[in-house]
Amino acid sequence: MAIATFSFVAAALLVASAGAMTDNSATVLSKAMKTMVASDFVYEPLVKNSDVNSSLSQPRMVEQWKALEGQGIAQSYFKLGACSLRPPHVHQFAAGLLYVISASNLSVGFVTNNGTAVTNYISTGASTLFPQGLIHYQQNLGCNTATYTISYNSENPGTQVVVPALSKLPVFGASLGLDANSSKSAMSSVPAAPFVDSSDPLCVARCKLSGPVPAAAVGGR
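Numbering (full-length UniProt numbering), first residue to last: 1 to 221.
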């Protein structure tokens with residue numbers, strides 16, 4: 001009898017807790033929606049990239065799209081030029097679910113907490129998961145532009161690109177076993193752009209690329 005009573009009380013507490021969470025979420029959403037009109041629920045990026053060969057990132061975070069406030073989701077759209085790389089980076093606050101709109105050979109991967117590299121090669125229609133907080137990348141090894149979206153389980157997933165971030169630390173060179181001169185040279189060669197063009201020599205030769213492809217700036221609403 002005592003066990004049955006305890007189970008009933010525990011279940012009641014769980015239901016009450018879930019109800020409170022739902023009510024709180026509803027309050028946040030209600031406040032956010034009071035000033036919105038129908039068009040606020042549609043995202044139209046201001047920057048539209050007409051160059052089919054260049055790389056582009058268009059974030060749909062709460063910063064750009066206020067309709068996401070309180071929803072706990074976000075999304076980004078990407079165009080990745082032939083042989084181009086979106087370098088290793090981390091989303092501190094969210095996992096990422098990538099869906100390939102169009103690609104013939106998109107290399108994707110991440111490193112687990114125990115140091116194991118997980119690498120796959122995917123194409124049109126495939127999806128892949130990047131667990132929260134793990135270093136990951138995307139590289140287009142095809143000769144045509146790859147397009148894909150990444151959806152996040154946070155309205156502000158956070159993004160930190162690994163190599164530029166490391167280069168800001170005074171121990172950057174020492175971490176790589178470099179002397180002072182080599183460290184300065186390495187730091188000066190760290191790409192500032194969000195994409196690395198002509199990132200794979202074999203891909204560049206196979207696709208007969210004559211020079212670097214321009215990387216577009218990040219777009220907004």
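Just so it is clear, CB atoms sit at the ideal spot from N, CA and C, and this is done for glycine as well.
For residue 109, the enclosing beta strand (DSSP E) stretches over residues 106-111.
DSSP lists 130, 152 as the bridge partner or partners of residue 96.
When 95, 102, 134, 100 are compared, the shortest CA-CA separation from residue 114 is found for 134. By the Cβ-count criterion, residue 90 is buried, with 16 or more other Cβ atoms from all chains shown falling within 10 Å of its own Cβ.
Here the alpha carbon of residue 188 sits roughly 34 Å from the alpha carbon of residue 62.
Annotation for residue 150: 76, 96, 98 place their beta carbon closer than 6 Å to its own, counting only its chain and skipping 5 residues before and after. Per DSSP, reduced to three states, the secondary structure at residue 194 is coil, with no helix or strand assignment.
With fewer than 16 other Cβ atoms inside 10 Å of its own Cβ, residue 170 counts as exposed. Checking the DSSP bridge columns, you'll see residue 71 has no partner listed. DSSP places residue 37 outside any alpha helix (DSSP H), giving it a letter other than H or E.
Under DSSP, residue 140 forms a beta bridge with 106.
DSSP places residue 202 in the uninterrupted alpha helix (DSSP H) bounded by 201-207. Inclusion of residue 154 and residue 83 in the CB contact set at 8 Å is not warranted, their separation being larger than that value. Taking 8 Å as the upper bound for CB-CB distance, residue 195 and residue 68 are not in contact here, some 25 Å apart. One thing to note: residue 106 has its Cβ no nearer than 8 Å to the Cβ of residue 144.
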